[in-house]
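For what it's worth, my numbering labels the leading residue of the sequence shown as 650, then goes sequentially.
This report concerns only the one structure given below.
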Amino acid sequence: MEERAQARQKGLGYRVERTVLDEESLEEVAQRQTHEDKPALAQRLRGKLSCSAVKLRHCLFTCIPVLSWLPCYSFRECALADLFAGISVGIMHLPQGMAYALLSSLPPVFGLYSSFYPVLVYFIFGTSRHISIGTFAVMSMMVSSVTERLAPDSMFLLSPGNLTNATGIDTEARDAMRVQVATATTILAGLFQVALGLVQFGFVVTYLSDPLVRGYTTAAATIAMVSQLKYMLGVHSDRFSGPLSFVYTLIDVCFLLPETNLGTLVVSIVSLVVLAAGKELNTAWSHKLPMPIPIELITIVLATVISGQATLSPSYGVDVVGEIPSGLKPPSLPDCNLFGQVIGDAFAQAIVGYAVCISLGKTFAMKYGYKVDNNQELVALGLSNACGGLFQCFTVSCSMSRSLIQESTGGKTQVAGVISSIIVLVTVLKLGVLFQELPKTVLSAIMFINLKGMFKQYSDIVTLWRTSKIDLLVWVMTLVFTLLLNLDLGLAASIAFAMLTVIFRTQLPRYSVLGQIPGTELYLDVKTFKQAREIPGITIFRSSTTLYFANADLFLEALKKKVGIDIAQLLTYKKKLAAKEKRREKRQERRAKETKKMVDDTLSRDLERVSVGSLGKWSWDIHSIILDLSTVNFTDTMAIKTLRNICHDFREIEVDVYLAGCQPCVVEELERGLFFSKMLTKAHLFASVHDAVLHCGDHRGSPCPPHHCDRDIGCSTKL
């Protein structure tokens, strides 16, 4: 009875733990328990409620990281540093935003929008403390490729009687359409990033190797440079999109060189010289200056003043930015019919933007000892793009130059980003109209100087030539594909090529025969290590990569070559001998004993001739083969079938085959693939090559290699 009562009490306690959710019901149930059970039960239930609260808090802090660090923000340690960093980055946002908007084939003011809204969203949801979210050259080029494809100049040509400008294009209608295309692409790219982040797909960036990303960004910088030549030369070049657009643009600009506007060219050269000198001064005096000289902003202000005072636009034909509207625009959705046309471009932008963002974020996280969440970064960047697209921003990522400035000027947190966005907001609301006379060529010059770091990546060719020819091939082919096929198709072709290099590496592995280092349990390649000695009667074979359908046949052929036994030829000969033996037995019944003796002598001579001839090693030269499968991390049905055939075929010629170093997951796959049978049991599996060698020595009577373990001679460990 007591046991039943205890069981009922335990059962009641279990039900209470599963159902009680508040303090009132807790007390009601506790009253039904004995006096001794009340405190323990209440403590357990409060612990469960507390655990749920902790989980909820952890989930909330994970989804909205700003809640975890902003309440603990140290004004004494971080405020001043974030203020200087935010001012420096905010000043950089202004010229770069307008320059990269021009690169995106959009009016400059949309670059300022893209430097404001996404920064605020990332402040709330991002996990990196140092990266600067906003306009980026590569993303701007990708936006430009889709805007110029879906809204080319040819769609907005004015009739001869309605010409309102020298180009003969309705620029207002064209720009409005391009803004629609850009925002549709941005919103869709952001939704892709959010969806991938929610399904924990942050590892997708691992498929973009460093040579691929650097080759891609180098090609994008080259395309951006060529696309801006027309602004720096003052010529009106046609816009091209699709494959070979880079080549067509370069040829077109070369043909238009005689039409170069001298005024525009002079402004370009002067701007480049001033910007380059300012960058060099910032680099040389970086340890003395509290914040970098805002050379880009200074150049823009001076160029705007000089352009307005000297009337460069009407007098010398220098293209200027034109009207910059003040204020912010209300949120709006683009034409939904555009989403289907930009889905491929949006996905490419989502992947590339995230790859650049997470690689730079992890670099800073490793340097300063904090963690960046891959999936949360994907969600944060996606929300930045999706929300920004509603306010007519184009796709953003993190800028390397601004991030380095934010880090080098002492920025501690994303509060620096909020301060930079405030500077952009003030400019949009009050100061934007002051830059209407700014020459476009100055923005192109700013972009040229900011791309200098990407142009330095051409030195990767020399570095990769010394370190890895395969990575060099990936880098070069990525550059070529991107330049010829444009940014979207070039990225797809580059990823496909990188995957092919992985497949080729697994299809063409290095096969080796292992020998023992005397006095140790080490087994190394006999061709590479002179100290390694083959063990008589035992061949130890290893592949440098995993075993699956793409290289299963190569594995078998390499094994035959290394062992020196042509199994097919030996089995064929064995069948012939068996058939000949049957015929001999039939003749034996009819013939005399002398004839039988003559036939036996003939068979013996045939066997001796074949075994020492072209068939290589015969069964008594090698009695055991050990397959070192320690490099195999997965397998498939075709590979399992190949291993089974190897074991069966060599058994036919009296050679035992053993598997060594199999990982548990591989053993499970062998079991599911019905590899084992009555004739081929798990007794053929060994934890290491040395254990297999000891077993072969015991089983076949070969001399055992010395081993230095505490076990006796029977220590061959089978799986």
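Glycine included, each C-beta is placed from N, C-alpha and C at the ideal position.
Query	Result
I'd like to know if the stretch 907-920 and the stretch 1086-1104 are in contact, where contact means that at least 3 CB-CB pairs between them fall below 8 angstroms.	yes
Quick one: any contact between the stretch 857-866 and the stretch 1031-1041, if contact means 3 or more CB pairs under 8 angstroms?	no
If I follow the unbroken alpha helix (DSSP H) through Tyr771, where does it start and stop?	Tyr766 to Phe774
Distance check for Phe805 and Asp819, CA to CA, integer angstroms please.	5 angstroms
Are three or more beta carbon pairs between the stretch 1007-1016 and the stretch 965-975 nearer than 8 angstroms?	no
Could you please give the first and the last residue of the uninterrupted alpha helix (DSSP H) stretch that includes Arg725?	First-last for Arg725: undefined, no H or E at that position.
Among the candidates Tyr1172, Leu1080 and Met791, whose CA atom is the shortest distance from the CA of Thr1131?	Met791
For Asp1305, which residues from the same chain have a beta carbon less than 6 angstroms from its beta carbon, with the 5 sequence-adjacent residues on both sides left out?	Ser1273
Across the stretch 755-774 and the stretch 1062-1080, are there enough close Cβ pairs to call them in contact, namely three or more that are closer than 8 angstroms?	yes
On the three-pair Cβ rule with 8 angstroms, is the stretch 978-994 touching the stretch 820-837?	yes
Are there 16 or more other CB atoms within 10 angstroms of the CB of Leu1323, so buried, or fewer, so exposed?	exposed
DSSP on Phe1190, reduced to helix/strand/coil?	strand
Starting from the C-beta of Asn1024, find all residues in its chain whose C-beta is less than 7 angstroms away, skip the five residues before and the five after it, and write them out in chain order.	Gly846, Gln849 and Gly851
Just checking, does the stretch 887-904 make contact with the stretch 948-966 on the three C-beta pairs under 8 angstroms criterion?	no
Do the CB positions of Gly1060 and Asp731 come within less than 8 angstroms of each other?	yes
Excluding sequence positions up to five away, which residues of its chain have a Cβ less than 8 angstroms from the Cβ of Pro943?	Ser737, Ile740 and Met741
The beta strand (DSSP E) spanning Ile1275 covers which residue range?	Ser1273 to Asp1277
Could you spell out the range, first to last residue, of the beta strand (DSSP E) harbouring Leu861?	Note, Leu861: premise wrong, no beta strand (DSSP E); alpha helix (DSSP H) at Asp859 to Ser876.
Note down the Cα distance separating Ser753 from Ile1054, rounded to an integer number of angstroms.	24 angstroms
Between Ser1143 and Thr1127, how many whole angstroms is the CB-CB distance? I'm expecting something under 8 angstroms.	4 angstroms
Verify whether the separation of the beta carbon atoms of Tyr1172 and Ile1189 is less than 8 angstroms.	yes
Check whether the Cβ atoms of Cys1006 and Cys1042 lie closer than 8 angstroms to each other.	no
Alpha helix (DSSP H) containing Ser612: first to last residue?	The shown model of the chain, from 650 to 1368, leaves out residue 612, and the question about it has no answer.
Could you tell me which of Arg1300, Ala1147, Gln1180 and Phe1178 sits nearest to Leu1219, measuring between CA atoms?	Arg1300
Taking the alpha carbon of Pro1158 as the reference point, which residue from Ala1207, Ile1289, Leu1319 and Ile1000 has its own alpha carbon closest?	Ala1207
Alpha carbon to alpha carbon, how far is Ala825 from Thr1286? Give it in angstroms, no decimals.	57 angstroms
Tell me the start and end of each unbroken alpha helix (DSSP H) in the stretch 884-965 that is at least 4 residues and wholly inside, in chain order.	894-904, 911-933, 944-958 and 961-965
Just verifying my parser: in three-state terms, what is the DSSP assignment at Asp1174?	strand
According to DSSP, Ser1046 sits in a beta bridge with which residue or residues?	Gly783
Is there contact between the stretch 779-795 and the stretch 996-1005, where contact requires at least three CB pairs shorter than 8 angstroms?	yes
What did DSSP end up calling Gln1165 once you bin it into helix, strand or coil?	strand
If we call anything under 8 angstroms between Cβ atoms a contact, is Lys1058 one with Phe733?	As written in the sequence, residue 1058 is Thr, which differs from the Lys given in the question. Yes; because the gap between Cβ atoms is below 8 angstroms, this pair is in contact.
Can you tell me which of the three DSSP states Tyr856 falls into?	helix
Are the beta-carbon atoms of Leu882 and Thr909 separated by less than 8 angstroms?	yes
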